[in-house]
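For my numbering, count along the sequence shown from 1 and bump the result up by 32. Using N, Cα and C, we set each Cβ at its ideal position, and we do this for glycine too. Note that the structure is predicted; figures quoted are calculated from it, not measured. First the structure, in the form of C-alpha coordinates, and then the observations on it.
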Amino acid sequence: MGRHRGFDEQAVTAAAAALFAGRAYDGVSVDDLVQHLGVHRNSLYKTFGSKRGLYLAALLWHLEHQLPPLAEQLAAGAEVVDNRALDLLLLAAVERAPADVEVAALVAKAWQTLDQALQRAPAAPAGGPRATALSVLLGERLRARAAVASAATTDPA
(Lines of atoms letter the chains of each structure in order from A and count residues from 1; the text may use other names and numbers.)
(Lines give C-alpha, C1' and ligand atoms only; values in the text may rest on other atoms or scores of the structure.)
Protein backbone atom coordinates (compact mmCIF):
# COMPACT_ATOMS: atom_id res chain seq x y z
CA MET A 1 0.00 0.00 0.00
CA GLY A 2 1.33 3.47 -0.90
CA ARG A 3 1.77 6.38 1.45
CA HIS A 4 -1.13 8.71 2.08
CA ARG A 5 -0.73 11.90 0.08
CA GLY A 6 0.41 14.67 2.39
CA PHE A 7 -1.28 17.52 0.55
CA ASP A 8 -4.65 18.57 -0.80
CA GLU A 9 -4.43 18.14 -4.57
CA GLN A 10 -7.22 20.64 -5.26
CA ALA A 11 -5.63 23.28 -3.04
CA VAL A 12 -2.24 22.75 -4.70
CA THR A 13 -3.86 22.96 -8.15
CA ALA A 14 -5.65 26.20 -7.23
CA ALA A 15 -2.43 27.69 -5.85
CA ALA A 16 -0.58 26.65 -9.01
CA ALA A 17 -3.27 28.33 -11.12
CA ALA A 18 -2.69 31.56 -9.20
CA LEU A 19 1.06 31.26 -9.64
CA PHE A 20 0.80 30.58 -13.38
CA ALA A 21 -1.73 33.43 -13.73
CA GLY A 22 0.73 35.82 -12.16
CA ARG A 23 3.92 34.77 -13.90
CA ALA A 24 2.97 32.60 -16.89
CA TYR A 25 4.16 29.08 -17.65
CA ASP A 26 7.67 30.04 -18.70
CA GLY A 27 8.01 32.40 -15.72
CA VAL A 28 7.48 29.60 -13.19
CA SER A 29 10.18 27.02 -12.58
CA VAL A 30 9.72 23.66 -10.88
CA ASP A 31 11.71 25.10 -7.96
CA ASP A 32 9.18 27.96 -7.77
CA LEU A 33 6.35 25.46 -7.70
CA VAL A 34 7.98 23.40 -4.95
CA GLN A 35 8.69 26.50 -2.88
CA HIS A 36 5.31 28.26 -3.34
CA LEU A 37 3.09 25.20 -3.19
CA GLY A 38 4.84 23.51 -0.29
CA VAL A 39 4.94 20.20 -2.14
CA HIS A 40 8.04 18.07 -2.47
CA ARG A 41 9.40 17.74 -5.99
CA ASN A 42 8.85 13.96 -6.00
CA SER A 43 5.24 14.38 -4.88
CA LEU A 44 4.66 16.96 -7.58
CA TYR A 45 5.99 14.63 -10.26
CA LYS A 46 4.19 11.59 -8.85
CA THR A 47 0.85 13.41 -8.78
CA PHE A 48 1.03 15.56 -11.92
CA GLY A 49 3.75 13.88 -13.97
CA SER A 50 5.50 17.10 -14.93
CA LYS A 51 5.34 20.86 -14.76
CA ARG A 52 3.17 20.74 -17.87
CA GLY A 53 0.87 18.21 -16.20
CA LEU A 54 0.42 20.55 -13.25
CA TYR A 55 -0.12 23.46 -15.65
CA LEU A 56 -2.87 21.57 -17.48
CA ALA A 57 -4.50 20.63 -14.16
CA ALA A 58 -4.28 24.27 -13.05
CA LEU A 59 -5.76 25.53 -16.31
CA LEU A 60 -8.62 23.02 -16.06
CA TRP A 61 -9.21 24.04 -12.44
CA HIS A 62 -9.29 27.69 -13.54
CA LEU A 63 -11.79 26.96 -16.32
CA GLU A 64 -14.04 24.97 -13.96
CA HIS A 65 -13.90 27.28 -10.92
CA GLN A 66 -12.99 30.81 -11.97
CA LEU A 67 -14.38 31.18 -15.48
CA PRO A 68 -18.05 30.25 -14.78
CA PRO A 69 -18.68 33.13 -12.33
CA LEU A 70 -17.18 35.55 -14.83
CA ALA A 71 -19.33 34.09 -17.62
CA GLU A 72 -22.44 34.45 -15.45
CA GLN A 73 -21.62 38.10 -14.77
CA LEU A 74 -21.28 38.68 -18.51
CA ALA A 75 -24.53 36.82 -19.22
CA ALA A 76 -26.37 38.94 -16.66
CA GLY A 77 -24.99 42.11 -18.17
CA ALA A 78 -23.42 42.93 -14.81
CA GLU A 79 -20.28 44.97 -14.46
CA VAL A 80 -17.29 42.72 -13.92
CA VAL A 81 -15.57 44.12 -10.87
CA ASP A 82 -12.67 41.65 -10.58
CA ASN A 83 -11.39 40.74 -14.01
CA ARG A 84 -8.24 39.03 -12.68
CA ALA A 85 -10.02 35.76 -13.43
CA LEU A 86 -8.96 36.36 -17.03
CA ASP A 87 -5.23 36.36 -16.29
CA LEU A 88 -4.49 32.66 -16.66
CA LEU A 89 -6.72 32.41 -19.73
CA LEU A 90 -5.00 35.37 -21.39
CA LEU A 91 -1.54 34.03 -20.68
CA ALA A 92 -2.51 30.55 -21.87
CA ALA A 93 -3.92 32.01 -25.10
CA VAL A 94 -0.84 34.06 -25.85
CA GLU A 95 1.98 31.96 -24.47
CA ARG A 96 1.03 28.27 -24.52
CA ALA A 97 -1.83 27.80 -27.02
CA PRO A 98 0.30 28.49 -30.10
CA ALA A 99 2.70 25.69 -29.12
CA ASP A 100 0.46 23.22 -27.26
CA VAL A 101 -2.64 21.72 -28.86
CA GLU A 102 -4.16 20.68 -25.53
CA VAL A 103 -3.87 24.20 -24.17
CA ALA A 104 -5.22 25.58 -27.46
CA ALA A 105 -8.28 23.33 -27.16
CA LEU A 106 -8.90 24.44 -23.56
CA VAL A 107 -8.51 28.10 -24.50
CA ALA A 108 -10.91 27.66 -27.44
CA LYS A 109 -13.44 26.05 -25.10
CA ALA A 110 -13.08 28.97 -22.69
CA TRP A 111 -13.64 31.54 -25.45
CA GLN A 112 -16.73 29.56 -26.49
CA THR A 113 -18.02 29.67 -22.91
CA LEU A 114 -17.55 33.43 -22.77
CA ASP A 115 -19.12 33.88 -26.23
CA GLN A 116 -22.16 31.85 -25.14
CA ALA A 117 -22.46 33.97 -22.00
CA LEU A 118 -22.46 37.10 -24.13
CA GLN A 119 -25.19 35.64 -26.35
CA ARG A 120 -27.39 35.31 -23.26
CA ALA A 121 -26.61 38.87 -22.13
CA PRO A 122 -29.12 41.66 -22.56
CA ALA A 123 -28.43 43.88 -25.55
CA ALA A 124 -25.77 46.47 -24.90
CA PRO A 125 -26.95 50.06 -24.41
CA ALA A 126 -27.31 52.04 -27.63
CA GLY A 127 -27.45 48.78 -29.59
CA GLY A 128 -23.69 48.19 -29.40
CA PRO A 129 -22.38 44.69 -29.94
CA ARG A 130 -22.27 42.46 -26.88
CA ALA A 131 -18.81 41.21 -27.82
CA THR A 132 -17.54 44.72 -27.14
CA ALA A 133 -18.01 44.05 -23.42
CA LEU A 134 -15.59 41.12 -23.53
CA SER A 135 -13.14 43.01 -25.74
CA VAL A 136 -13.11 45.93 -23.34
CA LEU A 137 -12.73 43.60 -20.38
CA LEU A 138 -9.80 41.81 -22.02
CA GLY A 139 -8.19 45.08 -23.03
CA GLU A 140 -8.52 46.52 -19.54
CA ARG A 141 -6.97 43.43 -18.00
CA LEU A 142 -4.05 43.42 -20.46
CA ARG A 143 -3.40 47.09 -19.77
CA ALA A 144 -3.50 46.53 -16.00
CA ARG A 145 -1.03 43.65 -16.25
CA ALA A 146 1.27 45.69 -18.49
CA ALA A 147 1.15 48.63 -16.07
CA VAL A 148 2.12 46.39 -13.14
CA ALA A 149 4.95 44.83 -15.14
CA SER A 150 6.15 48.24 -16.28
CA ALA A 151 6.11 49.62 -12.72
CA ALA A 152 8.05 46.58 -11.47
CA THR A 153 10.81 47.08 -14.03
CA THR A 154 11.06 50.87 -13.79
CA ASP A 155 14.14 51.98 -11.90
CA PRO A 156 13.05 54.59 -9.32
CA ALA A 157 16.55 56.15 -9.18
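For D58, the number of other beta carbons within 10 angstroms of its own is below 16, and it is reported as exposed. Selection V66, L121, A136, G109 evaluated against Q151 yields G109 as nearest (Cα-Cα). In this structure, the alpha-carbon of R84 lies about 32 Å from that of A107. E96: member of the alpha helix (DSSP H) spanning 83 to 97, first to last residue. Pairing A56 with A153, the inter-Cα distance amounts to about 31 Å.
For the pair E104 and R116, the Cα-to-Cα distance works out to about 15 Å. In the structure shown, the three-state DSSP call for H72 is coil. Burial check for R128: the Cβ neighbour count within 10 Å reaches 16 or more, so the residue is buried.
Boundaries of the alpha helix (DSSP H) around L138: 133 to 152. Annotation: the continuous alpha helix (DSSP H) that includes G54 extends over 41 to 55. Take A90, set aside five residues on each side of it, and the residues of its chain with a beta-carbon closer than 7 Å to its own are T45, A48, A49, F52, in chain order. Measuring C-alpha to C-alpha distances from E96 to each of K78, L120, L170 identifies L120 as the nearest. A direct Cα-to-Cα measurement between V113 and A149 gives close to 17 Å. In the three-state reduction of the DSSP assignment, V113 falls in the coil class.
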